[in-house]
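Chemist:
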Amino acid sequence: MDGFAEANLMLSSALEQLDDIITNEKKYIKQMCTFSPLM
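Right under this line is the structure:
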């Protein structure tokens with residue numbers, strides 16, 4: 001595998017992780033918004 005392909009693979013892997021993090025954050029924020037009136 002050449003350097004470009006390797007960097008490309010690392011980048012797409014990092015983007016997938018970032019996407020997972022963003023999805024989890026959105027779920028968390030949605031939960032906080034749902035629960036906040038009860039507090």
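Take 1 as the starting number for the sequence shown in UniProt numbering and just add one per residue.
For every residue, glycine included, the Cβ atom is placed at its ideal position computed from N, Cα and C.
For Gln17, which residues in the same chain have their Cβ closer than 7 Å to its Cβ, ignoring the five residues on either side in sequence?
Modeler: none
Chemist: Distance, Cα to Cα, Lys26 vs Leu9?
Modeler: 26 Å
Chemist: Helix, strand or coil for Asp2? Go by DSSP, reduced to three states.
Modeler: Reduced to three states, the DSSP call for Asp2 is coil.
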